[in-house]
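Residue numbers (the numbering used here): 16 to 119.
What follows is a short report on a single structure.
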Amino acid sequence: MLSVLHRIGVSESFGYSELETVSNIVMFIPLGVVLALALPPARRWIGFVVLPLLSAVIECAQFVVLPRRYSSFGDVVANSIGGWIGVSLVIVIAEFVAEGRQGQ
């Protein structure tokens, strides 16, 4: 994957660590979207709390169940950012839709 990215112009300084961080962020965006859509609009803020907790639980489970895989606080942060992006997208888009309906 890295070699493909480097061939299409991504800097050689972009390595495995950066790829893993970006992947963790991207992986949690859909989770944030789904969680936000499952919650009533007034409760969508819960996603900002639940997603970091879920990420921490996943990292702890990795530590216990997969000894060859290391857990990291950086993964929790990256996952949380992705989840927060997903929740934020739903909140912002819902606000635009609501404003559009009021203008009709």
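Ideal placement from N, C-alpha and C gives every residue a C-beta, glycine not left out.
Check whether residue i and residue j have beta carbons under 9 Å apart
i: residue 48; j: residue 107; result: no
i: residue 16; j: residue 97; result: no
Pairwise C-alpha distance: residue j and residue i
i: residue 95; j: residue 27; result: 27 Å
i: residue 40; j: residue 65; result: 16 Å
i: residue 111; j: residue 117; result: 10 Å
i: residue 113; j: residue 67; result: 28 Å
i: residue 62; j: residue 51; result: 6 Å
Exposure of residue i, with buried meaning 16 or more beta-carbon neighbours within 10 Å
i: residue 29; result: exposed
i: residue 84; result: exposed
i: residue 70; result: buried
i: residue 22; result: exposed
(request) Identify every run of the alpha helix (DSSP H) within the stretch 19 to 84, keeping only runs that are complete inside it and at least 4 residues long; order them along the chain. (result) 31 to 53 and 61 to 80
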